[in-house]
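For reference, the structure discussed in these notes is given below.
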Amino acid sequence: KIDLDAIAVIAHYKGNSDIIMDEQMPIFGGYAGGIEETAIVNVATHINSMVMSSASWHLDGPVHIRWGSTNTRETLMIAGWT
2 KIDLDAIAVI AHYKGNSDII MDEQMPIFGG YAGGIEETAI VNVATHINSM
52 VMSSASWHLD GPVHIRWGST NTRETLMIAG WT
């Protein structure tokens, strides 16, 4: 989700030729659901960061909703697939 203020900030950064780091971490077990669905959301967030934010680089990695960790078996499986 992105609003007009964020788009204005991104335009300012791009105008100054700044490096933009975009961080989006899909939640496993949340609205996305299981492993396969979260993998799809992970790819979609990566595409969104490149298209909407014109990010120089993208930091991602699924987070487990119950444990709040990125290194559980399920989240590592999602990261490996994407």
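Each residue of the sequence shown is one higher than the last, beginning at 2 in my numbering.
By construction, the Cβ of each residue, glycine as well, lies at the ideal position given by its N, Cα and C atoms.
(1) Measuring alpha carbon to alpha carbon, tell me which residue in MET51, THR46, ILE3 is nearest GLN25.
(2) Under 8 Å, do THR83 and ALA56 count as touching if we go by C-beta distance?
(3) According to DSSP, is TRP58 helix, strand or coil?
(4) With DSSP as the reference, identify every bridge partner of VAL10, one or two as the case may be.
(5) Let's test the definition: count the other Cβ atoms within 10 Å of the Cβ of HIS13 and tell me whether it reaches 16, buried, or not, exposed.
(6) For GLY16 and MET22, I'd like the C-alpha separation in whole angstroms.
Straight from the coordinates:
(1) The residue you call residue 25 lines up with position 24 of the sequence shown. If we check each option's Cα against that of GLN25, THR46 comes out closest.
(2) Indexing the sequence shown from 1 puts residue 83 at position 82. Indexing the sequence shown from 1 puts residue 56 at position 55. The answer is no: Cβ separation not under 8 Å.
(3) Sequence index remark: in the sequence shown, residue 58 carries index 57 (1-based). Looking at TRP58 - three-state DSSP - the assignment turns out to be strand.
(4) As a position in the sequence shown, residue 10 is number 9, starting the count at 1. According to DSSP, VAL10 bridges with nothing at all.
(5) One-based indexing of the sequence shown puts residue 13 at position 12. So HIS13 counts as exposed.
(6) For the purposes of this step, residue 16 is taken as residue 15 along the sequence shown, with counting starting at 1. For the purposes of this step, residue 22 is taken as residue 21 along the sequence shown, with counting starting at 1. Roughly 15 Å between the two C-alpha positions.
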